[in-house]
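Below: the structure, in structure tokens.
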Amino acid sequence: MAATHYLSVWKGCKMLWLAGLLATFASPAHGQINPGFSEDIILAQNTSSDIVWRRLNQQETRDTIDAILGSPMGIAGLNQLAIEGFIGFDCGKSYYQDVDGFRWLLQVNCRTPRGVSTAVAYDEIRVIFNSFEGRIESFTTERHGGDLPTGALRLD
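What follows is the structure in structure tokens.
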């Protein structure tokens, strides 16, 4: 009986966490516009090849959020943001898709530098979700700005 109760509580906590995460990323005030980044097309820096990204419109952003939340690897990418402190209403979020349509980029800028380490802080993090046949198969994380040396520190 106690094990069943524990599992019910655990499921409830997990659902509340996901609801809070969805509210943070889907909020109209913070989920659509990134105040520190206004371009509609960006060129990824410090990656193995230059990728051209196109900013998503509101409907595409909603579809992307649904795809991220509906995928275990999407949730893993959001967990990485949470671990490094990049989930909050004071962080601007922008969503992009590569011109080929196989990758999504979630760019998060925060007003104050953050990070998992107290030795190195950064004010921007990018999560690149790689998809195959409409499913997220993997993700990579790039950290930019703040106390980082010139260029980005890319940890996979």
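Numbering (my numbering) for the sequence shown: -13 to 142. Where a beta carbon is used, it is the ideal one built from N, C-alpha and C, also for glycine.
- By the Cβ rule, the stretch 97 to 105 does not count as touching the stretch 36 to 43, because fewer than three pairs are nearer than 8 angstroms.
- When beta bridges are read from the DSSP output, Q83 appears opposite R40 and W90.
- The Cβ neighbour count for S117, taken over all protein chains shown within 10 Å, is at least 16; the residue is labelled buried.
- Membership of I69 in the alpha helix (DSSP H) is indicated by the continuous run P58 to I69.
- 8 angstroms or more divides the Cβ of Q83 from the Cβ of V113.
- Non-local beta-carbon contacts of S57 in its own chain, meaning distances under 7 angstroms to residues more than five positions away in sequence, involve R121 and I122 in chain order.
- For the 8 angstroms CB-CB criterion, I111 and R129 form a contact.
- Within the same chain, Cβ atoms closer than 7 angstroms to the Cβ of V85 are found at V38 and R40, the five residues on either side in sequence being excluded.
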